[in-house]
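*Asks:*
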Amino acid sequence: MNKDKKVTLKDILVSKVVRNIAIAVYFWMWARTDYKESYSMIQSSVGAFLAVFYYMLYSRERKYKKECFDELAERNLNKCNAICYKIMAVIMVALAFAAAIVGHTESFGTDVIGWILVISLVVVSIVRVILYSAIDKKGE
Amino acid sequence: MALITKVKEYREKAGYKQSELAEMVGARRETIVHLENGKYNPSLKLAMDIAKVFGTTVEELFEFTED
Chain A
-18 MNKDKKVTLK DILVSKVVRN IAIAVYFWMW ARTDYKESYS MIQSSVGAFL
32 AVFYYMLYSR ERKYKKECFD ELAERNLNKC NAICYKIMAV IMVALAFAAA
82 IVGHTESFGT DVIGWILVIS LVVVSIVRVI LYSAIDKKGE
Chain B
42 MALITKVKEY REKAGYKQSE LAEMVGARRE TIVHLENGKY NPSLKLAMDI
92 AKVFGTTVEE LFEFTED
């Protein structure tokens, strides 16, 4: 990794997608109901990767704020975040009602709810990157 | 209200590239591009920083007109 290369806001957003995918994988290891010997090792590896990645993300965010803070990029990100917040809110409300209505059946257990949550996290973070790229290209 | 800027005019007169001006005021080149095209209303701080680079005033560089 080139330490002199400036960190852009887009780099940070993409890093957060990677982090969320790692969270989804870590969740998958916890949600599994079968057992193989290798799973403990994989789970620990993913957990360790997440811990290191969180630290790297924190360092990159600090570097960005120090070197590359740009007000237009921040404004566009705020617009993006407002849209993504609304998308997440719709997903949460739909999930809440689905859990209330269909939650009594065996097919809609807490693991399904967990999967919907982590997959939504990954999908919305990808949507955020795409939205940000589109809004930033357009200007304000 | 539409923003009219003379940033491009002043920049070219001073012989700076967009990337150089961006570096001087702590912004991205894309921000300067959008600013020059009137697609971005800068903050007061950025407007003042740009005016300082060209040795002029914010009022001289930026103007709002009624649509």
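Top to bottom, those sequences are chains A and B. Mapping to our numbering: the first sequence position 22 is 3, numbers consecutive. Mapping to our numbering: the second sequence position 39 is 80, numbers consecutive. Cβ coordinates follow ideal geometry from the N, Cα and C atoms, glycine included. Nothing here was measured: the structure is a model prediction, and the numbers come from that model.
Near B/E104, what residues of its chain come up, given a Cβ to Cβ distance below 6 Å and the 5 sequence neighbours on each side ignored?
*Replies:* I45
*Asks:* Please go through the region 48 to 118 of chain A and give each complete alpha helix (DSSP H) segment of 4 or more residues, from N-terminal end onward.
*Replies:* 52 to 83
*Asks:* Rounded C-beta distance between A/V(-12) and A/Y7? I'm assuming under 8 Å.
*Replies:* Not quite, the Cβ-Cβ distance comes to about 25 Å (not below 8 Å), so this is no contact.
*Asks:* Confirm, please, whether the CB-CB distance from A/V(-2) to A/S114 is below 7 Å.
*Replies:* no
*Asks:* Cα-Cα, which of A/W96, A/N57 and A/V93 is closest to A/K119?
*Replies:* A/N57
*Asks:* Report the rounded CA-to-CA distance for A/V74 versus A/L98, giving the unit in angstroms.
*Replies:* 12 Å
*Asks:* Report yes or no: is there a C-beta of chain B within less than 7 Å of the C-beta of A/E52?
*Replies:* yes
*Asks:* Rounded to the nearest angstrom, what separates A/S101 and A/K67 at their Cα positions?
*Replies:* 13 Å
*Asks:* Helix, strand or coil for B/T106 per DSSP?
*Replies:* strand
*Asks:* What number of angstroms, rounded off, separates the C-alpha of A/S25 from the C-alpha of A/K(-9)?
*Replies:* 29 Å
*Asks:* With a threshold of 8 Å on Cβ separation, who are the neighbours of B/E77 within its own chain once the five nearest residues in sequence on each side are excluded?
*Replies:* T46, V48, K49, R52 and Q59
*Asks:* So the alpha helix (DSSP H) B/T72 belongs to, where does it begin and stop?
*Replies:* R70 to E77
*Asks:* Throw me the rounded Cβ distance for the B/Y81 and A/L31 pair, which I believe falls under 8 Å.
*Replies:* B/Y81 to A/L31, Cβ: 37 Å. No contact.
*Asks:* Rounded to whole angstroms, what's the CA-CA distance from A/Y45 to B/A55? Just pull it up for me.
*Replies:* About 29 Å.
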